[in-house]
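Those protein sequences? They're chains C, W and A, same order as listed. Everything in the first sequence is counted per our numbering, starting at -7 for the first residue and increasing by one. Everything in the second sequence is counted per our numbering, starting at 91 for the first residue and increasing by one. Everything in the third sequence is counted per our numbering, starting at 101 for the first residue and increasing by one. Where a beta carbon is used, it is the ideal one built from N, C-alpha and C, also for glycine. This structure is a prediction, so every number in the text was calculated from the model and none was measured. Have a look at the structure below before the remarks.
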Amino acid sequence: MIEAINLSKSFTSYKKQDGITGTLKSFFHRVPIKKSAVNQFNLSIKKGEIIGLLGPNGAGKTTLMKMFTGIIVPSEGELLVNGHRPSERSKEFRKKIALVMGQKSQLWWDIPAMDSFSLLQKYYEIPEKEFREKVEYMSTLLGVKDLLHVHVRKLSLGERMKLELMASLLHSPEIIFLDEPTIGLDLVAQENIRNFIKEYHRKNNITIILTSHYMADVQALCDRLVLIFKGTKGYDGPLNDFEKILGTKKSVYFTFKDKTIHDDSYWNELDSTWNEDRTEVEIKLDEQQLRNVSSEILAKFPVIEFHTEKMPIEKVMKTLMANPDIILDHSSQEGEK
Amino acid sequence: MNTIKHYLSVYRKFIETSFAEAASFRLNFVLLILMDIVFYISALATVSFIYDHVSMIGPWNKAQLMFFVSFMLAVDHLHMVILSESFWMLSTDIRTGNLDYTLLKPVHSIFIVFFRYFRASSTLNIFVTWATLIYFGLQANLTTLSWISLPFLVILAFILLAILEIMISTSMFWLTEGLGINFLRMQLQQVSRWPDYIYQRTIKKVFTIAFPILVIGSAPVRFLYDNKLYENILLLIGAIIIFYFLLLKLWDIALRRYDSASS
Amino acid sequence: MANLLKWWQTMRISWSRYTAYRLNFFLQVIGPAIVFFFIKYSLWSAIFSQEPHKVIQGYDFQGMINYHVWTLIVGLVAQGHTAMNLSEDIRLGRISTYLIYPFNFWEFHTASFFSFQILQFCIALISLGILLAIGVISSLTLSTLCIGFLFCFYVSLFWYLLQYLTGILGFWLEETWMLRVILQIVAGFLSGAIIPLELYPQKFVAFLNYTPFPYLTYYPVKVFSGDYSHLMQAFLVIAFWIGITFVLNHLVWKKGIKNYTAAGM
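Right, dumping it as structure tokens:
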């Protein structure tokens, strides 16, 4: 579905010099500054996959998405999306893709969403019957039937985002690019959007590329993760393996009221980390030890609360963002194997 | 044929949505009409006042120059209704990256960018501009052939104006802040609103050949006064064809240049 | 004193904002003035080329060009400012920030206007220098120049208040640029910026004298040309209009801000 080989994009800006002489100088001789946004990126995606494209701000995720959709032209490398070169922007290609950007709106602000939809119907030449059915199906699923005729500027962000999603799916695209679709939404709205995407994917078997800073999105939707750091690929593989990047050990957390428990020699044998208040300890355990050690602690100390890690990938992500070298080493080792 | 049908159906939607948008701001509606009428009056009165003191400007008498001004106002009216709003949106759309969605649509981006905003309120002024045009046309004694070709020439003149203005706007892709280009565009419009013979020879040449803004009005009106001067029509049509292709080429280069504001 | 510093700082910020996009500033403010002059020059050259020694209502070719040179300078200093930023502030809801600042909305924009005026004054001086160098301007004394510029600044206050009014109508109007365009067209036409008022029908001019428009361009141009005969009258008429627009702005603002805070936008 998507084949990217050595894909690169760099932006050129010009050095700005101060003062009038500087301006004059730069008028005649501009000093270009090249900034590489994406560098030698390789990626292969099969039909029907849901890929999570992750990375810190400014890592090049959005640039990648814009190259995949043909909005910007790659500086180097080969790119095929659904058999088309996106930069040629052929009509057939544009009819097969959709892009949703959480921070931008394609709905017209001063008219109801339904009016925007019917304009999109004309753009994409969607037959009337298909269009009606599609609107009916999606608005029911998203619970926005009553909002279709409300002026978009009067909607909440969550409501608008649902309609934005609908707008980009009207023409039944084969590949959908979701760029931070849940940004700024409350927890319920986030979950609604996630469930909708999941259901829509299940029914239509489309290819989805998703970027998000919320690990819950990734956890719920993606089978496969692609990590991008400073324009280069860090990790590419199944979600389950990603959790184990930092080791296969599981973390268990125990909370105590009594601070003196910290001083007990019992902890010395374990891989334990205490919080500053000396009231909570994180223990890293192998899977086979997990049950024994946990029950031992529960029996031995007055535990007031305990839990295991809810979202291991969130922790992995945090660690990697703080220290990207881990993953870059990891992937080079992969290459050697 | 199918493509034309497709584009027409899209354009109908553009008009519908523009009317829907305009209807929610009624006071704006009235102000826009008023604005154009004030402009028409000042343009016509200025020329009329000058002719109170001179009998000819260049080769044209009062009726002829008044008709020329009316012709340009009729062209300007089409421009006002069909294009003008879009130019102002483009610089923001480029800067904010809103153009992204436009580029994804399976319709030519020039079409969406420049024809999306139809200025509903200004449509009513068509009665004003055409009443003026016919009134001064009668005074200038147009021939039957001229009357028949008049509507077509207004449209052709508008097409040339549109092409040239879109070309100018394309430069916004190269600037961090493209708003100022609209003022450049408007200044060139001002230049084109006077007959070409008032300008010095070099300037007249540049604006007739290199960037033919003076062809917009002067060429067709000269033909309307003297139907033997058909080479003026050829000049107008030739300019349209040449600059149409240049525009497509330029637009293509501009899109390759488009960075899309990050995130 | 502290307040004065705020004004000074605001003026500096505005200055760098105006000059940040030099090309834009040129195209938006200076370009139109030059093109306007260029068209008028071409037009009158064409008219006078047929009868080089003709005198139209007291203007020979040199006199007519002189008149338009001065309208260029007057236009730069007296009518250059627009309230675009101001109405944007209201339209985009940025006004809330001013309600929190210990510096008022009008103070901010007036400081910004002063800074703009200084910039325009510099541009006017440069233009004047160029026009003198190429010999378009004939007679000029330092005293007329000083009185002329002072008068222009005085007129620009009125112009600023008018612009301000169009801007704060943004409390009620979705867009206010049409008001400014109307103002621009009407002022251009009725102030004598396009053609000298002597060429207008006499009755019409008699009527115009009751409006503030001739004082925007025609009379300042007269002052620059050394004709002070209407200076006192012009001064009083503008004072009257400054008073009216000032009160009007005050009332409109009070009502607008009440609406605004009530709607809780």
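Going along the chain, which residues of its own chain have a beta-carbon closer than 7 Å to the beta-carbon of residue i, five neighbours each way excluded?
i      : result
F263/W : I184, A344, R347 and Y348
W341/A : F258 and P312
I253/W : I330, F333, Y334 and L337
S291/A : F313, P314, L316, T317 and Y318
F226/W : A153, M156, F157 and S160
H193/C : I42 and I200
Would you say residue i faces chain W, with C-beta separation under 8 Å as the test?
i      : result
S142/A : yes
I103/C : yes
L111/C : yes
F3/C   : yes
E117/C : yes
Y300/A : yes
V321/A : no
T203/C : no
Q157/A : yes
Q179/A : no
K126/C : no
I237/A : no
I139/A : yes
T61/C  : yes
K83/C  : yes
My guess is that residue i and residue j are in contact by the Cβ rule of under 8 Å, so how many angstroms apart are they, rounded?
i      : j      : result
L122/W : S211/W : 4 Å
F289/A : I173/A : At roughly 19 Å, the Cβ-Cβ gap does not stay under 8 Å, so F289/A and I173/A are not in contact.
V180/C : E235/C : Contact flag wrong, Cβ pair sits at about 26 Å.
T61/C  : L194/W : 6 Å
L168/W : F248/W : 4 Å
S333/C : L91/C  : Residue coverage of chain C in this structure runs from -7 to 329, which leaves residue 333/C outside it and unanswerable.
What does residue i reach in chain W if we use C-beta pairs closer than 9 Å?
i      : result
Y121/A : L265, T266, E267, L269 and G270
E207/A : Under the 9 Å cutoff, chain W gives no residues; its nearest Cβ is about 26 Å from E207/A.
L91/C  : D190, Y191 and L194
Which bits of chain A does residue i rub up against, with CB to CB less than 8 Å?
i      : result
N317/W : Ordered by position in chain A, no residue passes the 8 Å Cβ test against N317/W, which lies about 25 Å from the chain.
S132/W : I285, V286, G288, F289 and I294
Using 8 Å as the limit for Cβ to Cβ distance, is residue i near chain C?
i      : result
A110/W : yes
D183/W : no
R346/W : yes
K103/W : yes
Comparing the C-beta of residue i with each C-beta of chain A, is any distance below 8 Å?
i      : result
M262/W : no
V296/W : no
I299/W : no
I288/W : yes
T136/W : yes
L155/W : no
Looking only at its own chain, which residues have a Cβ that is under 6 Å from the Cβ of residue i, when we skip the five neighbours before and after it?
i      : result
A309/W : N322, L325 and L326
D263/C : K276
G44/C  : L202, V210, C214 and L217
Closer than 8 Å by beta-carbon distance: list the chain W residues that pair up with residue i, in chain order.
i      : result
D107/C : E106, T107 and A110
W100/C : T107 and E111
Note down, in chain order, every chain A residue with its Cβ under 7 Å from the Cβ of residue i.
i      : result
I306/W : Result: empty, since nearest Cβ-Cβ is about 15 Å, beyond 7 Å.
M125/W : M278, V281 and I282
I140/W : I295 and L299
F129/W : I285
Just the chain A side, please: which residues come within less than 9 Å of residue i by C-beta, in chain order?
i      : result
I147/W : L143, A146, I147 and Q150
In chain C, which residues lie with their C-beta within 8 Å of the C-beta of residue i?
i      : result
G187/W : K96
H143/W : Going along chain C, no residue has its Cβ under 8 Å from H143/W, so there is no contact; the nearest lies around 46 Å.
Report yes if the C-beta of residue i is less than 7 Å from at least one heavy atom of the ligand COA; otherwise report no.
i      : result
S132/W : For the ligand COA, the structure offers nothing, since it holds no ligand at all.
Run down chain W in chain order and give the residues with a C-beta less than 7 Å from the C-beta of residue i.
i      : result
P132/A : F273 and Q277
I230/A : Within chain W, no residue comes near I230/A; the closest Cβ sits about 19 Å away, beyond 7 Å.
Which same chain residues, not among the five before or five after residue i, have their C-beta less than 8 Å away from its C-beta?
i      : result
Q325/C : Summary for Q325/C: the model assigns pLDDT 47, below 50, so the residue's position carries little reliability, and this model does not support an answer.
V142/C : P104 and A105
E106/W : none
Give the interface partners of residue i over in chain C, defined as CB-CB distance under 7 Å, in chain order.
i      : result
D349/W : F3 and I64
S211/W : Chain C residues near S211/W: none, gap ~14 Å exceeds 7 Å.
**Request:** Indicate whether the contact test is met: 3 or more Cβ pairs, each with one atom in the stretch 318 to 325 of chain W and one in the stretch 35 to 52 of chain C, closer than 8 Å.
**Result:** no
**Item:** Any 3 or more C-beta pairs closer than 8 Å across the stretch 228 to 247 of chain A and the stretch 300 to 315 of chain A
**Value:** no
**Request:** Evaluate contact between the stretch 92 to 108 of chain W and the stretch 124 to 141 of chain W, counting only Cβ atoms and requiring at least three cross-stretch pairs below 8 Å.
**Result:** With the rule of 3 Cβ pairs closer than 8 Å, the stretch 92 to 108 of chain W does not count as touching the stretch 124 to 141 of chain W.
**Request:** Indicate whether the contact test is met: 3 or more Cβ pairs, each with one atom in the stretch 171 to 186 of chain W and one in the stretch 261 to 280 of chain W, closer than 8 Å.
**Result:** yes
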